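In full-length UniProt numbering, the protein residues as written are 1 to 202.
For reference, the structure is listed below as structure tokens.
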Amino acid sequence: MVAKEVVDVLLQLSRALLAENDGDQLTAAQWIALRYFSRSNAYSRTLTGLAQYQATTAGTASQTIKYLEQAGYVERDISTRDARSSVFTITEAGLAVMEEDPLAHLGQEIDDLSGADLLHLRDVLRYLLANIGGEQPRRPFGTCKDCAFLLTRQARGPNAARSNQYLCKLLNFYIADSELNYLCKNFQALREFQSPISRGTS
Numbered sequence: 001m002v003a004k005e006v007v008d009v010l011l012q013l014s015r016a017l018l019a020e021n022d023g024d025q026l027t028a029a030q031w032i033a034l035r036y037f038s039r040s041n042a043y044s045r046t047l048t049g050l051a052q053y054q055a056t057t058a059g060t061a062s063q064t065i066k067y068l069e070q071a072g073y074v075e076r077d078i079s080t081r082d083a084r085s086s087v088f089t090i091t092e093a094g095l096a097v098m099e100e101d102p103l104a105h106l107g108q109e110i111d112d113l114s115g116a117d118l119l120h121l122r123d124v125l126r127y128l129l130a131n132i133g134g135e136q137p138r139r140p141f142g143t144c145k146d147c148a149f150l151l152t153r154q155a156r157g158p159n160a161a162r163s164n165q166y167l168c169k170l171l172n173f174y175i176a177d178s179e180l181n182y183l184c185k186n187f188q189a190l191r192e193f194q195s196p197i198s199r200g201t202s
């Protein structure tokens with residue numbers, strides 16, 4: 001019975017978020033795309049990455065990107081890792097629009113939760129997202145700092161000072177400190193998405 005109540009609450013929340021998300025400036029899909037390009041790493045800021053994140057087709061994602069490009073909110077560059085692929089970067093105009101993000105207040109309210117509650121909520125939502133697809137579950141996007149592919153090495157600098165270097169073991173390239181909190185489409189959790197609810201009650 002409680003499970004059904006949780007589903008009802010999630011549905012109400014999703015409807016409320018979609019209603020707020022669809023504002024005068026951008027549609028819900030366009031807002032999601034703009035947030036994604038502002039929060040993801042260079043490897044993930046692609047057409048394929050956005051389509052996976054939105055759980056939509058490449059054609060639909062392409063139309064969303066086309067509008068954002070025409071509006072001057074994102075710009076297209078050739079990928080330095082794959083000349084056949086384009087990378088999209090949010091522009092100054094796009095960042096200015098993000099200041100009017102209709103869901104910004106939600107992040108502020110969530111941030112008011114205690115540290116333990118916040119982490120538990122994140123893990124519960126990731127677990128649901130990873131298991132909601134049945135035989136074809138969706139892989140949640142996550143950040144490098146929580147990823148199984150992150151390798152941390154210590155390097156010696158001037159005057160024998162030590163500093164950390166971060167390497168992606170999957171793609172074999174170094175990650176800047178500033179990119180550790182960006183979303184990645186190849187995110188792999190440090191552990192399988194087991195139910196955090198049962199872990200929290202044990």
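Quick reminder that beta carbons are idealized off the backbone N, C-alpha and C, glycines included.
Computed from a predicted model, the values in this text were never measured in an experiment.
In angstroms, rounded to a whole number, what distance separates the CA positions of residue i and residue j?
{"i": "Ser40", "j": "Tyr182", "result": "5 Å"}
{"i": "Phe149", "j": "Ala28", "result": "32 Å"}
{"i": "Thr91", "j": "Tyr67", "result": "14 Å"}
{"i": "Gln52", "j": "Lys185", "result": "8 Å"}
{"i": "Gly72", "j": "Leu11", "result": "33 Å"}
{"i": "Leu170", "j": "Leu17", "result": "34 Å"}
{"i": "Arg153", "j": "Cys147", "result": "15 Å"}
{"i": "Glu99", "j": "Glu20", "result": "15 Å"}
Would you grab the beta carbon distance between residue i and residue j for me? Rounded to a whole angstrom, and I think it's under 8 Å.
{"i": "Ala130", "j": "Arg139", "result": "7 Å"}
{"i": "Ala61", "j": "Leu50", "result": "5 Å"}
{"i": "Gln25", "j": "Val97", "result": "6 Å"}
If distances are taken between C-alpha atoms only, which option among the options comes closest to residue i?
{"i": "Glu69", "options": "Leu125, Ser86, Cys147, Asp82", "result": "Ser86"}
{"i": "Thr64", "options": "Glu92, Arg81, Arg35, Asp77", "result": "Arg35"}
{"i": "Ser44", "options": "Asp146, Gly142, Leu190", "result": "Gly142"}
{"i": "Tyr127", "options": "Ala189, Arg153, Leu167", "result": "Ala189"}
{"i": "Leu13", "options": "Leu103, Ile175, Tyr174", "result": "Leu103"}
{"i": "Asp82", "options": "Glu100, Ala176, Thr46, Asp177", "result": "Thr46"}
{"i": "Lys145", "options": "Ala155, Leu167, Asp117", "result": "Leu167"}
{"i": "Ala33", "options": "Ile78, Asp101, Met1", "result": "Asp101"}
Which of the three DSSP states is assigned to residue i in this structure?
{"i": "Ser44", "result": "coil"}
{"i": "Tyr174", "result": "strand"}
{"i": "Ala148", "result": "coil"}
{"i": "Leu190", "result": "coil"}
{"i": "Tyr53", "result": "helix"}
{"i": "Ser25", "result": "It should be noted that the sequence gives Gln, not Ser, for residue 25. In this structure, Gln25 counts as coil in the three-state DSSP scheme."}
{"i": "Leu180", "result": "coil"}
* Along the chain, which unbroken stretches of the alpha helix (DSSP H) at least 4 residues long are found entirely within the segment 63 to 138? -> Those alpha helix (DSSP H) runs which fall completely within the segment 63 to 138 and span 4+ residues are 92 to 98, 104 to 111, 115 to 131.
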